[in-house]
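Residue numbers (the working numbering), protein chains in the order written: chain R, 22 to 266; chain C, 3 to 403.
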Amino acid sequence: MNAALVTMRGIHKAFGGVAALDGAELDLNAGEVLGLLGHNGAGKSTLVKVLCGAYPAEAGEIRLDGAPVEIRNPRDARRLGIETIHQTLALADNLDAVANIFLGREIVKWGGALDIAAMEHAGRQVLARLNPHFTNYHVPVGSLSGGQRQVVAIARAIQFQARVLIMDEPTAALGPAETAMVGQLIRRLQSEGMGLIIVSHDLHDVFALCGRLTVMKNGRPVGHVRTEDVTQDEVLGMIIAGRMP
Amino acid sequence: MKAGLLRTLGIDPRLAALVATLGVIWLGLHALTDGAFLTPRNLWNLAAQTAVVGIMACGMVLVIVTRRIDLSVGSIAGCVGMVIAVLQVEMFAPGTWWNPWFTLAIGLAVGTAFGAAQGALNAVLGIPAFVVTLAGLLIFRGIAWLITSGRTVAPMDPTFQLLGGGFEGSIGGPASWAVGLVGVAALTGLRLAARRRQQGFGFTTRPLWAEAVTILLMAGFILGFVAVMNSYTRPRTDIVQGISIPVLVLIGVACALEWLARTRRFGRYVYAIGGNPEAARLAGVPSTRIIIGVFALMGFLAGLAGAVATARLNAGANSTGELAELSVIAAAVIGGTSLAGGSGTVVGAVLGALIMQSLDNGMVLLGLPSALRNVIIGVVLIVAVWADAVWRKRSGKAAEA
């Protein structure tokens, strides 16, 4: 079998002496949707923050296509094709949708001037693909609705040919229609060969979308299972008791 | 309806409100002073008086947009003025052609270094900007005093004095018209180029008449300004003064910073850091470098303002720039910069500085004592911030609806 798209092994991370991750691990294949589950404080958000460069790991190994990589900051992760939709969305509320999509990766003209028209052109296209009704290109994203803000955050993640997409609680703030839209998008990106990691509390969503699950407790892996092999109750047992069924 | 028209014209309604406020203040002061306010002579002086605070207010906008503050700008201005004066008058050979330029360059480098050092203390060591620059306020003012033990150094080099304006320090009528026409041409060119580029991508652009109206309005402002500056002649002669050099410096600084804020990554990142520092970090924005850059730029501009003030006074004095930090911050805030960070414009800050200076100038013409002038300017500051808060609340609701 080919090397997995992402492999994380023995990841350690402590905050003020308290170990948030203690030997955490994760495998993700291309074209796969992986659910990352666990209680609050189990370390699932911390693990994906290590992968996206928000917190550098203190120990452990990350491999991409089998080759070891070092991710020290968000720039490294983005350069490797790892995109993240954070739970907070991490948008600059005072900037408009297009400025947010290209934040940190602006298109510039010769001499370094921002190519505002080119960015608006590309931004309009990616936004229209997600939501044909999106037209608020020029208002600060702080005045958009929750669903529209989510669209902007997703647009930012898929604009740059991501290979790995991390979604931290992607539907927590969304209504039913928007949740369905995100579900469709996840399936489409999966079929394009992207690897997706979904961090969620919502077992129902996770079972509908994910092919495989990784359950964590106290910063360690409880186990990895295929969704079709387990019931929701068994997974709940893994989350609560921290044991394989 | 009115907001709709402004939107079609592509004019920021808050800038329009500032211009309208300035117009009301000017007409009011003109009436109160029996026609002494809106004269070429007074407007020419008003422009020159605005330069020092205006130059610093442009930089202060960027500092405040990043959710920081710089209390040291007045002291940096004073210190740089003193450094330039001592080098120019007492260290290097006076009267050589290179002396004024060389000493100015050293002064600007010193100001930039002071600013960069403060930025590093804030961004790298995490000391709050308020504390760092409060210390800077004391330290740089102290250094200015220590350099000469409080002595005033004069006179400045005649070429250097031109930087302060005065009768010699203006560019005259033809050059002023040239500056105005270059401004109009650049403005028209930029707007039409942006329009063509948008059309190239197939966006809906504003109607051509709206573009034309906007360009004509702005051209009117620019050429009107030049006409006023050119209608002031030296007393008892008919030599046209034109735009004075400190005003030209202010215009140059404002244009450069607008350019930086709108068309460069640096500016984009400054606003992103102010809007959501964590989001900026996660997007890979090099926040530490940007913040050091903002403070370095502020230090440079404070140094430049100090040079202009020193040239204007024709002496390096300890009191140069004293309490200027308060006027500078007030100008930025009156100009619509939010102390919460993330929003503010350079043009707004220049208008803010002009509003404050107009009130002060007008009240001097009215013969009001300086204590009363301070009271009134303080009240204006509060009213301006209150009006801005009301405007934000209402427009925020409008955007949600």
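Glycine included, every Cβ here is placed at the ideal spot set by N, Cα and C.
Asked, Found
"Minimum Cβ-Cβ distance from Arg283/C to chain R less than 9 Å", "yes"
"Chain C contact for Ala111/R (CB, 9 Å cutoff)", "yes"
"Whole-angstrom distance between Ile217/C and Val272/C, CA atom to CA atom", "28 Å"
"Gly6/C: contacting residues in chain R (beta-carbon distance under 8 Å)", "None at all; the shortest Cβ gap to chain R is about 14 Å."
"Which of helix, strand or coil DSSP assigns to Val126/C", "coil"
"CB of Arg93/R within 9 Å of CB of Gly74/R, strictly", "yes"
"CB of Arg143/C within 9 Å of CB of Gly244/C, strictly", "no"
"Inter-stretch contact at 8 Å, needing at least 3 Cβ pairs: the segment 125-133 of chain R / the segment 291-301 of chain C", "no"
"Buried/exposed call for Gln169/R, threshold 16 Cβ in 10 Å", "buried"
"The alpha helix (DSSP H) enclosing Leu57/R, as first and last residue numbers", "Careful: Leu57/R lies outside any alpha helix (DSSP H), inside the beta strand (DSSP E) at 54-58."
"CB contact flag (Val382/C, Ile336/C, <9 Å)", "yes"
"Own chain, CB closer than 8 Å to Ile379/C, minus 5 neighbours either side, in chain order", "Ala332, Met358, Leu361, Asp362"
"Burial state of Gly216/R (16 or more Cβ within 10 Å)", "buried"
"Spatial distance of Leu192/C from Val249/C (CA atoms)", "23 Å"
"Nearest-angstrom Cα separation, counted from Leu368/C out to Ala188/C", "39 Å"
"Cutoff 9 Å: Arg69/C Cβ touching any chain R Cβ", "no"
"Cβ separation of Met237/R and Ala45/R, assumed to be a contact under 8 Å, to the nearest whole Å", "7 Å"
"Candidates Ile275/C, Pro237/C, Gly56/C, of which the one nearest Ala79/C by Cα", "Gly56/C"
"Straight-line Cα distance separating Ala262/R from Lys395/C", "49 Å"
"Those residues which DSSP pairs with Leu234/R across a bridge", "Gly56/R, Val246/R"
"Listed by chain order, chain C residues near Gly125/R by CB distance under 7 Å", "Ala285, Gly286, Val287"
"Check whether Leu55/R and Leu49/R have beta carbons under 9 Å apart", "yes"
"Burial state of Lys34/R, where buried means 16 or more other Cβ atoms lie within 10 Å", "buried"
"Coil, strand or helix - Ala120/R by DSSP", "helix"
"C-alpha gap between Gly301/C and Gly117/C, whole angstroms", "4 Å"
"Between the CA atoms of Glu79/R and Ile66/C - distance to the nearest angstrom", "35 Å"
"Beta-carbon proximity list for Cys60/C, same chain, < 7 Å, skipping 5 on both sides", "Val255, Ala256, Leu259, Leu303, Val348, Ala351, Val352"
"One or two residues paired with Thr109/R in a DSSP bridge", "The partner list for Thr109/R (beta bridge, DSSP) is empty, contrary to what the question assumes."
"Assigned exposure category for Lys130/R - 16 Cβ within 10 Å defines buried", "exposed"
"Ranges of the alpha helix (DSSP H) found wholly within the segment 173-215 of chain R, counting only runs of at least 4", "197-212"
"Other residues of its chain near Glu327/C: CB distance less than 6 Å, five sequence neighbours each side excluded", "Leu73, Val75, Gly76"
"Proximity winner among Leu110/C, Arg69/C, Thr98/C, relative to Met84/C (alpha-carbon distances)", "Leu110/C"
"Spatial distance of Arg208/C from Ile137/R (CA atoms)", "16 Å"
"Contacts that Gly62/R makes with chain C (C-beta to C-beta distance below 8 Å)", "Correct list: empty, because the minimum Cβ distance to chain C is about 20 Å."
"Under 7 Å by beta carbon: chain C residues contacting Glu91/R", "Under the 7 Å cutoff, chain C gives no residues; its nearest Cβ is about 15 Å from Glu91/R."
"For Leu361/C, the first and last residue of its enclosing alpha helix (DSSP H)", "348-367"
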